[in-house]
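Okay, structure first, notes after.
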Amino acid sequence: MKIFIRLFLISLTVTGNLCILTSCDTQKADSASVNPQNGVGGSMARFAITGNTLYIVSKQALEVYDITSGGEPVKKVKKEMGVGIETIFPYQNHLYIGASDGMYIYSNSSPQNPQFLSKYTHIQSCDPVVVQDQFAYVTLRSGVMCRPWAGQSSLDVVDVSNPANPRMISSQPMQTPYGLGVSGNKLFVCEGDNGLKVMDISQPGQPVLKKHFTTVPSYDVIVRANHLMITGRDGFLQYTFDDQDRVEFLSKIPVE
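In mature numbering (1 follows the signal peptide of the UniProt record, and there is no 0), the protein residues as written are -16 to -1, 1 to 240.
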């Protein structure tokens, strides 16, 4: 757990530096851009920040803190959610919370008192999630603690245009999917030691595999402009990508 926290903090720092380098031009920004309603973080993060609010998910609850005062966070509310809570991803006015048996959707219209809207239920599995426009992309990974029996790993696409009634649009098999990131018409799926996949989502409900980089071990990814910030087996890596789906290595920060 410590290594993922350290990698997440490093990614926040690098994202901030990229924001400075690119001037965070809102007219040029894509769906992965940093804004107060989306926050910054990977799909496997247990905490997220939007504006002056910090969200933390434990195994059973969502905790909300006011961080207006910076070094003196104030706990505002704790929402009990049941067991197996794993990840949180803020997008626009909603929080998408991955659990071992599904995805919870909360309204974030009142940031410091989010309200439950719905739950999309699937078979028991590890469940990172990212969202763009009206579609949520969810990876389900078999053969792990949260899904110890045999089963097929997959990438699910869920229509969340009505957050109170999410519905699955499509599903396709994966190898060992972990985190994922989305930007424009590209979906990046981390396959652990099996590499990084680039999916075309020009048709958002039907992702199509374009490239599979087997030499890029990846567990989670943050997409910012044309940069990929990836947590790998032994550190934090930066890559660039282009419209031809080429991925070029930039740097690595080893983390023990």
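C-beta atoms are modelled at their ideal positions from N, C-alpha and C, and glycine is treated no differently.
Check, Outcome
"Residue interval of the beta strand (DSSP E) (run including Gln99)", "Gln99 to Thr105"
"Complete beta strand (DSSP E) runs within the region 125 to 176 (minimum length 3 residues, chain order)", "138 to 143, 151 to 157, 164 to 167 and 170 to 174"
"Beta-bridge pairing of Asp227 - partner residues as DSSP gives them", "BP columns for Asp227 are empty, so no partner."
"Under the three-state DSSP convention, the category Asp218 falls into", "coil"
"Range of the contiguous beta strand (DSSP E) that encloses Ala209", "Counting along the chain, Ala209 falls outside any beta strand (DSSP E), and DSSP gives it neither H nor E."
"C-alpha gap between Val122 and Asp140, whole angstroms", "5 angstroms"
"Through-space distance from Lys62 to Val48, alpha-carbon basis", "6 angstroms"
"Cutoff 7 angstroms; reference Asp229; Cβ partners in own chain excluding five residues on either side", "Val182, Lys194 and Lys195"
"Separation of Gly68 from Asp85, as counted between CA atoms", "7 angstroms"
"Residue 245 in three-state terms, based on DSSP", "Only positions -16 to 240 of the chain appear in this structure, which leaves residue 245 out of reach."
"Beta-carbon spacing of Leu101, Pro57 below 8 angstroms", "no"
"Span separating the alpha-carbon of Gln96 from that of Ile153", "31 angstroms"
"Close-in-space but distant-in-sequence residues of the same chain around Gln44 (CB under 7 angstroms, 5 per side omitted)", "Glu64, Met65, Gly66, Val67 and Ile69"
"Strand pairing of Leu38, partner residues [DSSP]", "Ile33 and Tyr49"
"Neighbour-count burial assignment, Leu234, 16 or more Cβ in a 10 Å radius", "exposed"
"Same chain only: Cβ atoms within 7 angstroms of Leu171, ignoring 5 sequence neighbours per side", "Tyr121, Leu164, Met183, Ile185 and Pro191"
"Three-way DSSP call (helix, strand, coil) for Asp184 in this model", "strand"
"Inter-residue spacing [alpha-carbon to alpha-carbon] between Phe220 and Ser137", "25 angstroms"
"Under the three-state DSSP convention, the category Tyr90 falls into", "strand"
"Candidates Glu240, Ala83 and Ile89: closest to Asn77 by CA position", "Ile89"
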